[in-house]
Amino acid sequence: VDGAKADIHYGGAAVFRLAMPEGATISLAADADTKIRTKVLASGSASSDHKAEVRELTPGQSMSFEGGARDIYVVQVNVDPEGEFFGPHDRAQLWRRSSYRCAGPCEGKAWWAGSGPGKEYPENQHSALRSPIFTLPAADAGVELALSFRAMWDLEAMTVDGSSVGTGCPSKGYDGVQVRMHVYGADSDVQDSVEVLTPSSGYGAGAAAESGLHAFGSSGLYTQSSPCSSFEGWTGSSGDDHAWTQQHFSLAAFAGKCVRFEFFFASDGSDAGEGFWVNGIKVEAGGVTVFAEGDGEDTSMTEIAFVKTVSAGSVGKYDRVPVVAGVPEGYESDKSLQKVAQTRSAAWSATWATPSRNSEAAKRRAHLGWSYSAPVMEVKTALLHPGQEACVTLQAPFKGSLDTATLFLLVDKMGVSA
Numbered sequence: 188v189d190g191a192k193a194d195i196h197y198g199g200a201a202v203f204r205l206a207m208p209e210g211a212t213i214s215l216a217a218d219a220d221t222k223i224r225t226k227v228l229a230s231g232s233a234s235s236d237h238k239a240e241v242r243e244l245t246p247g248q249s250m251s252f253e254g255g256a257r258d259i260y261v262v263q264v265n266v267d268p269e270g271e272f273f274g275p276h277d278r279a280q281l282w283r284r285s286s287y288r289c290a291g292p293c294e295g296k297a298w299w300a301g302s303g304p305g306k307e308y309p310e311n312q313h314s315a316l317r318s319p320i321f322t323l324p325a326a327d328a329g330v331e332l333a334l335s336f337r338a339m340w341d342l343e344a345m346t347v348d349g350s351s352v353g354t355g356c357p358s359k360g361y362d363g364v365q366v367r368m369h370v371y372g373a374d375s376d377v378q379d380s381v382e383v384l385t386p387s388s389g390y391g392a393g394a395a396a397e398s399g400l401h402a403f404g405s406s407g408l409y410t411q412s413s414p415c416s417s418f419e420g421w422t423g424s425s426g427d428d429h430a431w432t433q434q435h436f437s438l439a440a441f442a443g444k445c446v447r448f449e450f451f452f453a454s455d456g457s458d459a460g461e462g463f464w465v466n467g468i469k470v471e472a473g474g475v476t477v478f479a480e481g482d483g484e485d486t487s488m489t490e491i492a493f494v495k496t497v498s499a500g501s502v503g504k505y506d507r508v509p510v511v512a513g514v515p516e517g518y519e520s521d522k523s524l525q526k527v528a529q530t531r532s533a534a535w536s537a538t539w540a541t542p543s544r545n546s547e548a549a550k551r552r553a554h555l556g557w558s559y560s561a562p563v564m565e566v567k568t569a570l571l572h573p574g575q576e577a578c579v580t581l582q583a584p585f586k587g588s589l590d591t592a593t594l595f596l597l598v599d600k601m602g603v604s605a
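Count the sequence shown with the numbering used here and you get residues 188 to 605, in order.
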């Protein structure tokens, strides 16, 4: 056996059987996932020198089982200690440089918040594309200080349903992107404030000036008492056929200050689109460039994920159920069940001695299939009462006489008691 493995979901297990090999050696790959625990069960006999034993293998380790023919079971369990929580290393990158949809006024590559071509962006995501810290020039009469860029978006459709976000801020939808400015002290180590910037053309609104977005309200970055401008941003679509738009923000209020800006993306757990693109980012003072994104694989902008880590003693917003134990900073519940699709594996290998003729290890063995692969339509079943028996005939897939039959039952599913 060389490199045997199974893709195992969190809490799941895989069981492999080696039928009565002699002198078996089991090895676990050095690069085996450390969150897969591997145990080896070897049969034995009370009357022999080799008793039944259970040993655990760690990545890169091998172990041998001496003696005659012994049934060997390799049992692997996904024991990811983070379970149904998402940690920093579990989150896929949201913002990336890409030429996908970069056409028309878009030049080179754009920053794109999305999952991939033709795919919907992730649910329950709160992530920002952030600039480095820099100092804006002091105010100068007649000199405009501004942030500009090209943007395109394909987000969850605008939905005006009469709901509100924050304290009475009429909502125009759910997912969105907004531009925020961080203002720092003179030494750039202490952040003084964070403000949501409003583009000169606005973020768009509903027919009755609805402008709030629920995903910003659930991000944990704002409170119920935050001003309605905190929940504003782009949503829906930037136009037909993935239309690019030119955006402009006045930075006059931040002249002479130490700042950084970011594009904050927020999504809820329902409908989605392909995401948000931004290209040609620059800050200028009277036509002189103060900051500009780089070309190609630009590294001047970085991604930061915002996580609502639940602390012990806090209570649910609606059910008021208390949290008994908190989780480490940077971890959050897997609300959108993304881990359902995640699996882990740990490859293992085995060698054994060539069995002697007519020995127990030389006998041929075969299994009769798996119980859950049996037909489920037009199949007769029987309800057994105490003392009754049911008989099922199976056709063996090999020739020769039957020496030993082993029946495996999943006890808690079959209802069989010991």
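Backbone N, C-alpha and C fix where the C-beta goes; we use that ideal spot for every residue, glycine too.
Determine the direct distance from the alpha carbon of residue j to that of residue i, and round the result to whole angstroms.
i: Pro-275; j: Gly-474; result: 40 Å
i: Ser-251; j: Ala-200; result: 23 Å
i: Gly-503; j: Arg-317; result: 31 Å
i: Glu-547; j: Val-227; result: 20 Å
i: Asp-194; j: Ala-534; result: 10 Å
i: Gly-513; j: Pro-319; result: 32 Å
i: Ala-219; j: Val-202; result: 16 Å
i: Ala-256; j: Gly-190; result: 22 Å
i: Phe-448; j: Gly-481; result: 16 Å
i: Phe-478; j: Leu-332; result: 11 Å
i: Pro-414; j: Arg-531; result: 45 Å
i: Pro-542; j: Gly-587; result: 19 Å
i: Ser-457; j: Ala-440; result: 37 Å
i: Met-207; j: Glu-243; result: 19 Å
i: Arg-283; j: Ala-217; result: 32 Å
i: Leu-589; j: His-237; result: 26 Å
i: Gln-434; j: Thr-385; result: 10 Å
i: Arg-544; j: Glu-209; result: 12 Å
i: Gly-295; j: Ser-286; result: 7 Å
i: Leu-524; j: Asn-311; result: 10 Å
i: Val-381; j: Leu-438; result: 14 Å
i: Phe-493; j: His-369; result: 15 Å
i: Gly-407; j: Thr-221; result: 33 Å
i: Asp-258; j: Leu-205; result: 6 Å
i: Thr-591; j: Ser-232; result: 17 Å
i: Asp-277; j: Ile-491; result: 14 Å
i: Leu-323; j: Phe-436; result: 14 Å
i: Ser-302; j: Tyr-390; result: 24 Å
i: Thr-432; j: Ser-388; result: 10 Å
i: Gly-349; j: Gly-393; result: 11 Å
With C-beta atoms as the reference, is residue i less than 7 Å away from residue j?
i: Ala-453; j: His-313; result: yes
i: Lys-526; j: Tyr-308; result: no
i: Thr-443; j: Ala-328; result: First, the amino acid is wrong: residue 443 is Gly here, not Thr. No, these two residues do not count as a Cβ contact at 7 Å.
i: Ala-297; j: Trp-464; result: yes
i: Glu-519; j: Lys-495; result: yes
i: Thr-225; j: Gln-263; result: yes
i: Ser-638; j: Val-383; result: There is no way to answer for residue 638, as the model of the chain reaches only from 188 to 605.
i: Ser-501; j: Val-508; result: no
i: Ala-402; j: Asp-455; result: yes
i: Val-366; j: Phe-450; result: yes
i: Ala-239; j: Ser-230; result: yes
i: Ile-213; j: Ala-459; result: no
i: Ala-472; j: Val-377; result: no
i: Tyr-371; j: Cys-445; result: yes
Using the Cβ count rule (16 or more neighbours within 10 Å means buried), how would you classify residue i?
i: Val-352; result: buried
i: Asn-265; result: buried
i: Ala-300; result: buried
i: Ala-290; result: exposed
i: Glu-461; result: buried
i: Ser-412; result: exposed
i: Asp-379; result: exposed
i: Glu-516; result: exposed
i: Ala-540; result: exposed
i: Asp-267; result: buried
i: Tyr-559; result: Only weak support is given to the placement of Tyr-559: the predicted model assigns it a pLDDT of 39, under 50, and the question is left unresolved by the model.
i: Val-241; result: exposed
i: Glu-419; result: buried
Whole beta strand (DSSP E) elements within the region 405-484, 3-residue minimum:
With a minimum length of 3 residues, the continuous beta strand (DSSP E) runs that stay inside the region 405-484 are 432-437, 445-453, 462-472, 475-479.
Assess, as a yes-or-no matter, whether the region 464-473 is touched by the region 325-337 under the definition of 3 or more beta carbon pairs within less than 8 Å.
yes
So, do the region 340-349 and the region 418-434 have three or more beta carbon pairs nearer to each other than 8 Å?
Counting Cβ pairs under 8 Å, three or more are found: they touch.
Which parts of the region 322-369 are runs of the beta strand (DSSP E), unbroken and 3 residues or longer, counting only runs that do not cross its ends?
332-341, 356-360
Could you tell me which uninterrupted beta strand (DSSP E) segments, each at least 3 residues in length, are contained entirely in the region 280-328, listed from first to last along the chain?
Qualifying beta strand (DSSP E) stretches, in chain order: 282-285, 297-300, 313-317.
Stretch pair the region 356-363 + the region 394-402: three plus CB contacts closer than 8 Å:
Enough Cβ pairs lie closer than 8 Å, so yes.
Would you check if there are 3 or more beta carbon pairs closer than 8 Å linking the region 483-502 to the region 362-369?
No, they do not touch.
Output the residue ranges of the alpha helix (DSSP H) runs that lie fully inside the region 195-234 and measure 4 residues or longer, sorted by chain position.
Runs of the alpha helix (DSSP H) inside the region 195-234: none found.
What ranges does the alpha helix (DSSP H) occupy inside the region 515-544, keeping only unbroken runs of at least 4 residues that lie completely in it?
none
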